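Colleague: Quick note: the sequence shown uses this note's numbering, first residue 146, plus one each step. From the three backbone atoms N, C-alpha and C, an ideal C-beta is built for every residue, glycine too. Quick caveat, the model's predicted, so the values are computed rather than measured. Just dropping this structure here.
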Amino acid sequence: MTHITIEVNGKPVTADVTPRTHLADFLREHLLLTGTHIGCEHGVCGACTVEIDGEIARSCITFAVACDGARVRTIESFDDDPLMARMRDAFSTSHALQCGYCTPGMLIAARDLVRRKAAEPGLDIRTEMSGNLCRCTGYAGIIEAIETVTAEAPAVPALAGYRWVGPAPGPGAATTQPTKAPVPTAARPVTPAAPKAAPPAVASRPIKVEVGAITVVDGETRFTESFVLEHSRAAVWDLMRDPQKVAACMPGLALDPPAANDHLTGRMEVKLGPISAGFSGEGAMSRDDAGHHMMIEGRGSDRKSGSRASGRVEYVLSETATGGGGAGTRVDCVIAFTLQGPLAQFGRSDLVRDLVARIGEAFARNVDMRLRAPEGAVVAPAELGGFSLVLGVLLGRLRRLLLRLLGR
Ligand code: FES
Ligand code: FES
């Protein structure tokens, strides 16, 4: 037996399970959540679809032990979800079910499709939903229901604040993801719009980031980082007091729409050399507007790599003079994090200094670009390439070593 702890529908559940128990059986037989149906038990029919760490997955081919530390959401937890409510209504109106056996999995997959791809032109709903089988309806009603909800997507509160479609944008996704709520195909004008002049692009400029001493205490890596921006403190604070705007400047990070009580949920894509991980997690923030001080704490896990992370970022803004003598803002950050699992090697390694400096530089450049961008300008954020990040760090070290050997 293996002892596991899973968050199921918002509640922590601990249990001892055999390694071969699949998640669908665990949900149905241990937790009596029988809304998750089992059809083929081969990953073909989609009846067992649930959400794991915010992404849909087949619970019949997922071992319960592999979900240790994960957040699982079954059909029973979507009662208060506005998008799911809309989807249920549409299924009912379009007669999208008969026996209802496929319906829980179909609803979860359909909601996920609308959430991720409502804005995609020419969305092929039939193909996208081909992983969910229905033996009764002939699919016509199901497709019609999803089309209806897709066309209404911007009016659904759950989507109003979404800045991206698809899985959380990784470092390379920022230039291609929409930055506004999805616009349905049906709402687009029929007559071609007059050609518009391309909005001005904003170029990135380098910003020096100072990294303080890195210490590791009880497995927690701590360091300070600071940089100066050529913008007023009021302008910088207006951006950095908002976690959504901060997340938009951090490569690989995407937050869910704001929730109550300053509770944050989201996803961080990390790619370091051969290791890639997608951390789903949650956190909280506290803010002192008068002191221009903010603290964000969070924790998350990556089910695929088995890595876990927790940490906090604290920053304070102060007025300063820039190199050119103008008014600027100094950003002082204190960062602490703990990594467990395969990615932990990057937490202990002395590569950390180079890595955090590069991440900090990308973040500072993105903040600077957004503050300089006029209305409507295209901001292509500075990115962190996975392999290039590690390669760049190693090349930098090699260059320093050669210079030392050559006595320069
Ligand atoms: S029961 Fe899981 S895909 Fe069919
Ligand atoms: S409604 Fe019966 S299997 Fe889909």
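1) Per DSSP, S425 forms a beta bridge with which residues?
2) Is H437 buried or exposed, if buried means 16 or more other CB atoms sit within 10 Å of its CB?
3) Heavy atom of ligand 2 less than 8 Å from the Cβ of T282, yes or no?
4) For a test of the three-state rule: what should DSSP assign to A305, helix, strand or coil?
5) Would you give the residue range spanned by the beta strand (DSSP E) that K156 belongs to?
6) With which residues is S110 paired in a DSSP beta bridge?
7) CB of G245 to nearest heavy atom of ligand 2: below 8 Å?
8) Can we count M274 as close to ligand 2, meaning its CB is less than 8 Å from some heavy atom?
9) Three or more C-beta pairs under 8 Å: does that hold for the stretch 203 to 221 against the stretch 166 to 186?
10) For A518 and F236, what's the separation of their Cα atoms in angstroms?
11) For the beta strand (DSSP E) holding R457, just list the boundary residues, first then last.
12) Using beta-carbon positions only, say whether A429 and R412 come within less than 9 Å of one another.
13) Under the rule that 16 or more other beta-carbon atoms within 10 Å means buried, what is E174, buried or exposed?
14) Would you kindly work out how many angstroms separate the C-alpha atoms of T474 and V391, rounded to a whole number?
15) If we call anything under 9 Å between Cβ atoms a contact, is I291 one with M229?
16) Please state whether the Cβ-Cβ distance between T293 and D213 is less than 9 Å.
17) Which residues mark the beginning and the end of the beta strand (DSSP E) in which I151 is found?
18) For a test of the three-state rule: what should DSSP assign to R165, helix, strand or coil?
19) Kindly indicate which three-state DSSP category T248 falls into: helix, strand or coil?
20) Return the chain-ordered list of same chain residues with a C-beta closer than 6 Å to the C-beta of E152, the five sequence neighbours on each side being excluded.
21) So, helix, strand or coil for T219, using DSSP?
22) Over what stretch of residues does the alpha helix (DSSP H) that includes L228 continue unbroken?
Modeller: In brief:
1) R412 and S446
2) buried
3) yes
4) In this predicted model, A305 has a pLDDT of only 45, less than 50, meaning its place in the structure is not dependable; the value taken from the coordinates is given anyway. Here A305 sits in helix by DSSP.
5) K156 to V162
6) Beyond the ends of the chain as shown, which are 146 and 553, falls residue 110; an answer cannot be given.
7) yes
8) no
9) yes
10) 43 Å
11) S452 to A466
12) no
13) exposed
14) 16 Å
15) no
16) no
17) T147 to V153
18) coil
19) helix
20) R216
21) coil
22) P227 to T238
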